[in-house]
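Report on the structure given below.
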Amino acid sequence: MRTDLVSEPGDPARPNEDFAGVGLPASGQGGCVIVLDGVTPPSDGTGCLHSVPWFTARLGGALTELTLSAPDLTLEEILSRAIGRTAAAHAGTCDLSHPRTPQSTVVLARWSAGTVEYLVLSDSALLLRSPGGTVTPVLDDRLARLPRAALVDAARVDAGLRNKEGGFFTAAADPSVAARAVTGSVPRREVSALAALTDGATRWTETFREGDWTALFDVVAKEGAGALVQRVRELEAADRTERSRLRSGKRHDDATVVYVEPGRAAAL
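Each residue of the sequence shown is one higher than the one before, counting from 308 in my numbering.
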């Protein structure tokens, strides 16, 4: 199995709120990829004593353990249990009903000798490449479909759109949100490589329009995950418009890329 993982903070003076991991079960068969993009908290607080990195580390840890140790569970069930575990770890000290309680996007992929399963929640991305070179994006585009004007006022977003029907969903403190994720599976033979990315890295395609998903995948596969992040940083630094801040309010965002070639199915 070949892997390449890069995760860089948008601001060196602030902690990276992303989480990324690649796991192999003790059996040596199959594996998983997990990427979380923690939602930067507002300045007026979240009702929680803990930081976003605290949350993503614990949610990511729970997802890793469950994905590798519980092959009988679906990815939706795994996400639900991982959210529940994480919520229980601070329910006694924090207001988990606060709309900005620590939360994150989720990309979760698991493969076996026969199948590649996937789950995507919110605006991080999973890309699957076939042996023939076709790249298929797996996206939860609910946030992207909302009118830009609806996202300008943070208070209105929190009250009416965040984790609300007709809005968008993230992994926070409610395990039932797992049912809102985009899920599916494909035969293992149809996937030669995959890439999981936070939106700080997908800006190359989604914000700066430098190339489509296939072109982005080619950069990662041929030049490395770090090369994509470097290209994004150069575009952000050179940009004199507000494009790079439209969706996240940041000129530079945490950027994470995980690339995996699982190897031939027969070898898993």
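Ideal Cβ placement from N, Cα and C applies to all residues, glycine included.
When only Cα atoms are considered, G474 and G367 end up about 24 Å apart. Using a 10 angstroms sphere on the CB of P319, the tally of other CB atoms stays under 16, which defines it as exposed. Residue environment for D519: exposed (fewer than 16 other C-beta atoms within 10 angstroms of its C-beta). Runs of alpha helix (DSSP H) with 4 or more residues, each lying fully within the region 352-405, are found at 359-376, 382-395, listed in chain order.
DSSP places R321 in the coil class of the three-state scheme, outside both helix and strand. Counting the other Cβ atoms within 10 Å of the Cβ of P444 gives 16 or more, which makes it buried.
Less than 8 Å divides the Cβ of A502 from the Cβ of F524. The beta carbon of P360 sits closer than 6 Å to the beta carbons of P322, E324 from its chain, once the five residues preceding and following it are set aside; these are given in chain order. Per the DSSP secondary-structure output, L458 pairs with nothing in a beta bridge. Here the region 443-458 does not lie against the region 392-406, with fewer than 3 beta-carbon pairs under 8 Å apart.
Annotation for L331: G338 place their beta carbon closer than 6 Å to its own, counting only its chain and skipping 5 residues before and after.
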